[in-house]
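Undergrad:
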Amino acid sequence: MGVSPQIQEKQKIIVVGNGMVGHKYIETLIEHPDYANFQIITFSEEPRLAYDRVQLSAYFDGKTEQDLMMTSEDYYDEHGVQYIIKDKVSNIDKTAKTITTESGRVESYDKLILATGSFPFVPPIPGKDQEHCLVYRTIEDLENIKASASQSKVGVVVGGGLLGLECAKALHSLNLESHVVEFAPRLMAVQLDEGGGELLRTKIEDLGVTVHTEKNTTEIVAGEECRYRMNFADGTFVETDMIVFSAGIRPQDELARAFDIEIGPRGGIVIDDNCVTSDEDIYAIGECALWDGKIFGLVAPGYTMAKAAVSHLTGGDVQFKGADMSTKLKLMGVDVASIGDAHARTEGALTYTYINEAEGVYKRLIVSEDTTTLLGAVLVGDTEAYGTLLPMMLEKMELPEAPEVLILPAIDGESGGALGVNALPDSAQICSCHDVSKGDIIEAVQGGCSDVGGLKSCTKAGTGCGGCVTMMGQVLNAELEKMGVEVNNNICEHFEYSRQELFDIIRAKKIKTFDELLEQYGSGHGCMTCKPAVGSMLATYWNEYILSDDHIQLQDTNDIFLANMQKDGTYSVVPRVPAGEIKPKDLIVLGQIGEKYNLYTKITGGVRIDFFGAQLHELPLIWSELVEAGFETGHAYGKSLRTVKSCVGSTWCRFGMLDSVSMAVKLEMRYKGLRAPHKVKMGVSGCTRECAEAQGKDIGVIATDKGWNLYVCGNGGMKPRHADLFASDLDDETLVKYIDRVLMFYTRTADRLQRTSTWMDNMEGGLDYLKSVVIDDKLNIGAELEADMERVVDTYECEWKKTLNSPERLKRFAHFINSDATDDRLAYEADRGQQRARIAAPEVRAAKAKGEEIKAVEV
Amino acid sequence: MSEFTWQTVCKVSDINKNTGVCALHNGEQVAIFKVGNDDQLFALQNFEPFGEANVLSRGIVGDVDGQLVVASPLYKQQYSLESGKCLEDESVILQTYMVRQQDGQVQLKV
Ligand code: SRM
Ligand SMILES: Cc1cc2nc3c(=O)[nH]c(=O)nc-3n(C[C@H](O)[C@H](O)[C@H](O)COP(=O)(O)OP(=O)(O)OC[C@H]3O[C@@H](n4cnc5c(N)ncnc54)[C@H](O)[C@@H]3O)c2cc1C
Ligand code: SF4
Ligand code: FES
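Here the protein sequences line up with chains Z and B, keeping their order. Under the working numbering, the first residue of the first sequence is numbered 434, with each subsequent residue one higher. Under the working numbering, the first residue of the second sequence is numbered 13, with each subsequent residue one higher.
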C-alpha cells in the first residue's frame, strides 16, 4: 500500500463492527459540526449494515429485514462513509496503524473504533454442536430458528433471562411446544427478586410454556420421542426437537485478545471514561467494552459510549460514567420492570411489597434505611409506576411520607399517590433508549411539537423499546398546559369535550341530532370543525341518512352533495366497484355515461373509475343512470370506507393461497357506508407477493396456507406507514370479528381526521394494547363493538339511491335556486383525446377554452 | 323600507336550516343563508375569491367567537355573514346584499 501523495487532511476513522452502537458512533460523528475533518470506513462481518437488534423478535411477527434496518447505503453514500459488509477485520497492526480483513483488505487508520458487540454464550455441554442446536443474535440466526421450527414439534430455550424468554415466546408463536430450562432457581434472576420471579413463572406457564428451574444440563443425546434428549444433573430429562441457547452473552473481544489490547480477567475490552482502550488510538464501545469491571448488555449505555467516544475525538467533554440497567418490558404479554437495587442489597435497605394474587400483580419498593430515598423496585403484572419510580431512583428525589402509596392501587379514581411529571427535574431521563431527557422533550414541545407522534420523529424518544411513551405523553401535556395551550383537547370552542368524550356522550345518552347535543353539552352555533365531526359520529352510531333535515347542515364540502368538489366547483362521480371486480357490460355502461355527459374519465389509484367535471344539477341525472345499471355510491367523498383493493387471487393466479377477490368483495360489502374519523382503506392479497399492497392500508389481509393474516394501521399518502401484523392464520369468521372490533374501537377513540396510522402511533401501549382490547377483550367491550358494527351493516342504504327517491332533496342539486341557468365560469377543453371533456382550469385557461372573456365579479 | 324594491327569490322553507342556496340576482350570483331557530337570513356574493369559484353557498355555517360565519367549501376561509369580512385575511371583504322574509318568501333588495 503506497501512501497517497496528496496531503491527508482528514483523520481516518475505522469502525470495526456496524452494529447498533457502531452505527450510532458514525451517525453522531456525521452530525458533528466538524465532520468534514474526518473520513470514516466501517466494516461489518454481517451481510448488511446496522439493524435494530432490540426489535429482532419482531421479525417473527412479520417485520422484514427492511423494517429493522437502522441505516442505509444511501445515507452512508450521501455522507461519504465507506462501508464494507461481509468482511471481518482479522488483524490489527498497532505500530503501522493498519487493519487487515479476512478477504485481505488492508486499511490504515488514525483512530480505530472497536464496536464488535458480543456473541451468545453456549455452555460447554456435550452434544451442543448438533444441527438443531441454535443461538439467537442475528437475522441469520432467526432464519435458522424458523427453518428448524418448521421441522420440529417441541423446542427448548436454555436460559430464563430476558433474551431467553423473548426467544421462548418466539418458539411459542411458531406453534412449538415450548420449554425454558434455567440453571438458577428463578426466571430473570438478574433483574427480579424471588416474589417477582415466581409470579412471572406462573404467568408464563399459564400461557403454555413449561418452565424448568434449577436444571443443569449435562448432555444432549438422541431422544426417543423427539430428536434430542437433554439430560439434567438431577437425573431428570426433557425431550425436544430443537434447542436455542440463550444463556448469556460474552463480549466479542477476540481482536483485543490477539493483538494485545488490555482485556478484563473475564473478558471485555478495558476502557476509561472516554472509551479509550489501553492503546490511545483505539477506542472500544458497546457490548464489547468493559468499564469499571462491567459489561453493559443493553443498547442505551452503548449509545452513551458512542457519544462519549465521538466527544473525546472532537475535543468535547462528554464522558461515559456508567449506566443504569433498569428495564421495563413485556415478556409474552406479561409486564415486567426492574429498577436499581432490585435485590435489596444496599445495607439497611427496607422494602414494601404489594401482592395481588387475584390479578397477578407483584410490586416491591426498596428504600433507604431512613425511608427517604428510593433504591430500587420490582414490578410484575402492572408496570405503570415505572415511569415515576425510575426518575425518583435516579434523581434521588425525596419520597412521599408513606412510600407505599407509590405502589398501592388507585382507589376511587385517586392516582395512587404517584408523583406527577412536574416533580421531575429537567435533567431526568425520559427515554433511556435514545437518552432523551425531560428537558429535551420540553424543548421540542416549545419548538412546536404538539403530539406524541411528532415528538417521536423530532426527538427519537419512544422509538426504541417504546417503554417511555406514556411518560412522554405526560411531559407533553404538562408542558402544553404550562404554555397556556389548552390540553383539554376540546374539539372546538363549542364543546368542552374531546371527540372521544363526545362519542361516549352520544352513545350513553342516545343523542340523535347535533342540535340536541349542542343544546345539552355545547354552546353557540357550532362550526366547520365540530359539525362534520359530530355528523360523522352520529352516522357511525345511528347510520341515519346524512342529508336528512337534521343532519344536512353538518355535512362538509363533499358529503353535502354526495360528491367530491373540484377546484372549479364541479364534482366528480365515483361508483363503487367492490374489490375492483367489474363485468364487461358494466364497463360499457360506464363508458356510455362518461360519453353522454362529456365527463373527463380516468382510473383511480384505488382501482375504480372516476368521472370529473359534473355540474351540480347533473349529479342526479348521472346517478340515476348509474343506479339504474346497478351501481352504488363509492363514498369517494366520505370519511368512510373507500376501496378494498384486491389482487386476482387463487381463482386465477398460480400462486394464490386463497380467494382474495371473494374476501375483498365480502369486506367491501360489509363495511361500505361505515363513517369513521377519517377515510378507511383496505386491501386483500392472495399470497405473500402482496399484489394488492395490503400492508399499506388501514386494514390489510394476506392469505397464507393456513388462513388470513390481518395487518392494521398501514398508510400510503403523506407519511407512509407499514401496517402492523395483528393476528395470523385466521379463519373468515375470526377475521371479520377482529376487523369489526378494530374499526369500531377506532371510530370510538380516534381524534377527528386521524387515520388509523396516527391513531396507532399515538396510542398508549400501542399494538399490544390494541391486541389486548380486540383479541383478549380486556375492556370487555368486544361484543358491544361487534353489535355496533352489525347495526351499521344492517342499516346500510345507498345514499344516492335514497336521494334520487326524494324530490325535496333533489331541489338542492341546482346551481341556482331561482333559475335553470348554470355557472358561467366553467371551462371546456380537449385533452389527450377526451373530446370536449370538462377540465377544471384556472381562470385564464378557462377563458381561452371558452373563447370569450370572463366577466370578473366585482367585489 | 318601502322605498326599496324587493325581489322574491324562493320560499323560506326551500332553504334547509343552517345551510345556503345560490340565487341569480340581477345577473349576479348571490349566496343566501338561513341560520338558527329564528330563520335569520344573510346574503353574500357567491364567488369565493381564494378558490376563485362560485361556491360559497355550499359552505358550512357556524360561529367563531360569537360571530356568525360561513366557511368556504374549497379552502376553508371563513367569512362573517353580517359584514362579509374574511376572518383569515382582513383585506378581503365580500359583497353583502340586503335580504328579508316576507310572507314566507325570501327577498333580495334590487
Ligand atoms: C394482475 C395483478 C394482480 C391484480 O389482479 O391486481 C398482479 C399479478 C401478479 N403479480 Fe403483481 N400484480 C399486480 C399488481 C402488483 C402490484 C400493485 C401495483 O403495481 O400497483 C404490486 C406491488 C407493487 C410492486 O411492484 O412491488 C405487485 C407486486 C408483485 C410482486 C412483488 C414484487 C416485489 O418487488 O416485491 C410479485 C412477485 C415477483 O417479484 O415476481 C408480483 C407478481 C405477480 C405475478 C406476475 C405472479 C407471478 O410471478 O407469476 C402475478 C401474475 C398472476 C397471474 O397469473 O396473472 N407482483 N403486483 C396486478 C397487475 C397490475 C397490472 O397493471 O398489470
Ligand atoms: C434478541 C435480542 C433482544 C434484545 N433486546 C434488548 C432490549 O430490549 N433492550 C436493550 O437495551 N438491548 C437489547 N438487546 C441488546 C442489544 O441488541 C445490544 O446491546 C446492542 O445490539 C449492542 O450493540 P453493539 O453495536 O455493541 O453490538 P452488535 O449490535 O452486536 O454489533 C456488533 C457488530 O459487529 C460485528 N463484528 C464483530 N466483530 C467483527 C469484526 N472483527 N469485523 C467486522 N465486524 C465485526 C458483528 O457481526 C455485529 O454485526 C437485545 C439483543 C438481542 C439479541
Ligand atoms: S398476491 Fe399472490 S395470489 Fe395475488 S396476484 Fe399476486 S402473486 Fe397472485
Ligand atoms: S426508553 Fe426505550 S424507547 Fe424510550
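Glycine is no exception: its CB is placed at the ideal position from the N, C-alpha and C atoms.
Use the C-beta contact count for Z/W1085: other C-beta atoms within 10 angstroms, 16 or more gives buried, fewer gives exposed.
TA: Residue mapping note: residue 1085 of chain Z aligns to position 652 of the first sequence, counting from 1. Z/W1085 should be labelled exposed.
Undergrad: For chain B, find out if any of its Cβ atoms is closer than 8 Å to the Cβ of Z/M1090; answer yes or no.
TA: Residue numbering aside, residue 1090 of chain Z sits at position 657 when the first sequence is read from its first letter. With 8 Å as the cut-off, Z/M1090 does not count as an interface residue toward chain B.
Undergrad: Using a Cβ-based criterion (distance less than 7 Å to any ligand heavy atom), does Z/N789 qualify as near ligand 2?
TA: Translated into the one-based positions of the first sequence, residue 789 of chain Z becomes position 356. Checking every heavy atom of ligand 2 against the Cβ of Z/N789, none is found closer than 7 Å.
Undergrad: Sorry if obvious, but does the Cβ on Z/V591 come closer than 7 Å to a heavy atom of ligand 2?
TA: The count along the first sequence starts at 1 and reaches residue 591 of chain Z at position 158. No, Cβ of Z/V591 sits at least 7 Å from all heavy atoms of ligand 2.
Undergrad: Taking 8 Å as the limit between beta carbons, can you name the residues of its chain near Z/E831, skipping five residues before and five after?
TA: Residue numbering aside, residue 831 of chain Z sits at position 398 when the first sequence is read from its first letter. Hits under 8 Å: T805 and T806.
Undergrad: Does any C-beta atom of chain B lie closer than 8 Å to the C-beta of Z/Q1048?
TA: For the purposes of this step, residue 1048 of chain Z is taken as the residue at position 615 of the first sequence. It does not; no Cβ of chain B falls within 8 Å.
Undergrad: Let me know the secondary structure DSSP gives Z/E506 once reduced to three states.
TA: In the first sequence, residue 506 of chain Z corresponds to position 73, counting from 1. The answer is helix: DSSP assigns Z/E506 an H, G or I state.
Undergrad: Is the Cβ of B/K121 closer than 8 Å to any Cβ of chain Z?
TA: The count along the second sequence starts at 1 and reaches residue 121 of chain B at position 109. Not one chain Z Cβ lies under 8 Å of B/K121.
Undergrad: Opposite Z/D1043 in the DSSP bridges: which residues?
TA: Here residue 1043 of chain Z refers to the residue found at position 610 when the first sequence is read from its first residue. DSSP lists Z/K1035 as partners of Z/D1043.
Undergrad: Can you give me the C-alpha to C-alpha distance between Z/K1112 and Z/D1001, rounded to a whole angstrom?
TA: Residue 1112 of chain Z sits at position 679 when you count from the first residue of the first sequence. Residue 1001 of chain Z sits at position 568 when you count from the first residue of the first sequence. Each residue's alpha carbon lies about 24 Å from the other.
Undergrad: For Z/H456, which residues in chain B fall below 8 Å Cβ to Cβ?
TA: Stepping through the first sequence from its first residue, residue 456 of chain Z is reached at position 23. Residues of chain B passing the Cβ test: none, with the nearest at roughly 44 Å.
Undergrad: Quick test of your reading: Z/P1053 and Z/F1246, contact by CB under 8 Å. State the CB separation rounded to the nearest angstrom.
TA: Start at 1 with the first residue of the first sequence, and residue 1053 of chain Z comes out as number 620. Start at 1 with the first residue of the first sequence, and residue 1246 of chain Z comes out as number 813. Indeed they touch by this definition, with Cβ atoms about 5 Å apart.
Undergrad: Would you kindly report the start and end of the unbroken alpha helix (DSSP H) that includes Z/L971?
TA: For the purposes of this step, residue 971 of chain Z is taken as residue 538 along the first sequence, with counting starting at 1. Note, Z/L971: alpha helix (DSSP H), C963 to W975.
Undergrad: Establish whether the CB of B/D115 and some CB of chain Z are separated by less than 8 Å.
TA: Locating residue 115 of chain B in the second sequence gives position 103, where the first residue counts as 1. Judged by the 8 Å Cβ criterion, B/D115 is not in contact with chain Z.
Undergrad: Within 8 Å of any Cβ in chain B, is that where the Cβ of Z/M453 sits?
TA: Along the first sequence, read from residue 1 onward, the residue named residue 453 of chain Z stands at position 20. False, the Cβ-Cβ gap to chain B never drops below 8 Å.
Undergrad: Please decide whether B/T17 counts as near chain Z, where near means a Cβ-Cβ distance under 8 Å.
TA: Along the second sequence, read from residue 1 onward, the residue named residue 17 of chain B stands at position 5. No, because no Cβ of chain Z sits closer than 8 Å to the Cβ of B/T17.
Undergrad: Taking the straight line between their C-alpha atoms, what separation do you get for Z/T533 and Z/I518?
TA: Taking the first sequence and counting its residues from 1, the one referred to as residue 533 of chain Z is at position 100. Taking the first sequence and counting its residues from 1, the one referred to as residue 518 of chain Z is at position 85. So the two alpha carbons sit approximately 14 Å from each other.
Undergrad: Can you look up Z/G1199 in the DSSP assignment and give me helix, strand or coil?
TA: Mapped onto the first sequence, residue 1199 of chain Z falls at position 766. In this structure, Z/G1199 counts as helix in the three-state DSSP scheme.
Undergrad: Given a limit of 8 Å on CB to CB distance, which residues of the region 951-962 of chain Z reach chain B?
TA: Under the 8 Å Cβ criterion, the region 951-962 of chain Z contributes G957, H958, G959, C960 and M961.
Undergrad: Just to make sure I have the definition right: I need the residues of chain B whose C-beta is within less than 7 Å of the C-beta of Z/H1248. Which are they?
TA: Counting from 1 along the first sequence, the entry for residue 1248 of chain Z is found at position 815. In chain order: C34.
Undergrad: On a CA-only basis, which of B/G63, B/A35 and B/I105 is nearest B/K23? Give me that one, please.
TA: Stepping through the second sequence from its first residue, residue 23 of chain B is reached at position 11. Closest option to B/K23, Cα to Cα, is B/A35.
Undergrad: Provide the residue span of the alpha helix (DSSP H) that contains Z/F947, from first to last.
TA: Against the first sequence, residue 947 of chain Z aligns to sequence position 514. F947 to Y954 is the extent of the alpha helix (DSSP H) around Z/F947.
Undergrad: Would Z/R932 and Z/A877 be called neighbours here (beta carbons separated by less than 8 Å)?
TA: For the purposes of this step, residue 932 of chain Z is taken as residue 499 along the first sequence, with counting starting at 1. For the purposes of this step, residue 877 of chain Z is taken as residue 444 along the first sequence, with counting starting at 1. No; because the gap between Cβ atoms is not below 8 Å, this pair is not in contact.
Undergrad: Is any beta-carbon of chain B found at less than 8 Å from that of Z/K964?
TA: For the purposes of this step, residue 964 of chain Z is identified with residue 531 of the first sequence, where counting begins at 1. Taking Cβ atoms only, chain B reaches closer than 8 Å to Z/K964, which makes this a yes.
Undergrad: Is Z/N577 near ligand 6, with its Cβ less than 7 Å from a heavy atom?
TA: Summarising the ligand content, the structure contains ligand 1, ligand 2, ligand 3 and ligand 4 and does not contain ligand 6.
Undergrad: Using three-state DSSP, classify Z/Q752 as helix, strand or coil.
TA: Stepping through the first sequence from its first residue, residue 752 of chain Z is reached at position 319. Z/Q752: coil per DSSP, three-state reduction.
Undergrad: Step through the CB atoms of chain B and report whether any lies within less than 8 Å of the CB of Z/M904.
TA: As a position in the first sequence, residue 904 of chain Z is number 471, starting the count at 1. With 8 Å as the cut-off, Z/M904 does not count as an interface residue toward chain B.
Undergrad: For Z/F1064, which residues from the same chain have a beta carbon less than 6 Å from its beta carbon, with the 5 sequence-adjacent residues on both sides left out?
TA: Looking up residue 1064 of chain Z in the first sequence gives position 631. Once the five neighbours on either side are set aside, the close Cβ partners of Z/F1064 are P1008.
Undergrad: Going by DSSP in three states, Z/F729 sits in which element: helix, strand or coil?
TA: For the purposes of this step, residue 729 of chain Z is taken as the residue at position 296 of the first sequence. In this structure, Z/F729 counts as coil in the three-state DSSP scheme.
Undergrad: Within the 8 Å Cβ cut-off, does Z/M1151 reach chain B?
TA: Position 718 of the first sequence, counting from 1, holds the residue named residue 1151 of chain Z. Taking Cβ atoms only, chain B never reaches closer than 8 Å to Z/M1151, which makes this a no.
Undergrad: When you compare the CB positions of Z/R1103 and Z/V1226, do they come within less than 8 Å of one another, or not?
TA: As a working note, residue 1103 of chain Z is residue 670 in the first sequence. As a working note, residue 1226 of chain Z is residue 793 in the first sequence. Yes, the Cβ-Cβ distance between Z/R1103 and Z/V1226 is below 8 Å.
Undergrad: At a Cβ cut of 8 Å, what residues of the region 70-94 of chain B count as close to chain Z, listed as they run along the chain?
TA: Of all residues in the region 70-94 of chain B, R70, G71, I72, V73, G74, D75, V76, D77, G78, L80, V81, A83, P85, L86, K88 and Q90 have a Cβ within less than 8 Å of some Cβ in chain Z.
Undergrad: Spell out whether any CB of chain B is found under 8 Å from the CB atom of Z/A1260.
TA: Mapped onto the first sequence, residue 1260 of chain Z falls at position 827. Closer than 8 Å: no.
Undergrad: Kindly indicate which three-state DSSP category Z/M1115 falls into: helix, strand or coil?
TA: As a position in the first sequence, residue 1115 of chain Z is number 682, starting the count at 1. The answer is strand: DSSP assigns Z/M1115 an E or B state.
Undergrad: Keeping to the same chain, check which residues put their C-beta closer than 6 Å to that of Z/Q1267; ignore five residues upstream and five downstream.
TA: Here residue 1267 of chain Z corresponds to residue number 834 of the first sequence, with the count starting at 1. Around Z/Q1267: Y1033.
Undergrad: By the three-class DSSP mapping on this structure, what secondary structure does Z/V1010 have?
TA: Numbered from its first residue, the first sequence carries residue 1010 of chain Z at position 577. Of the three classes helix, strand and coil, the one that applies to Z/V1010 here is coil, per DSSP.
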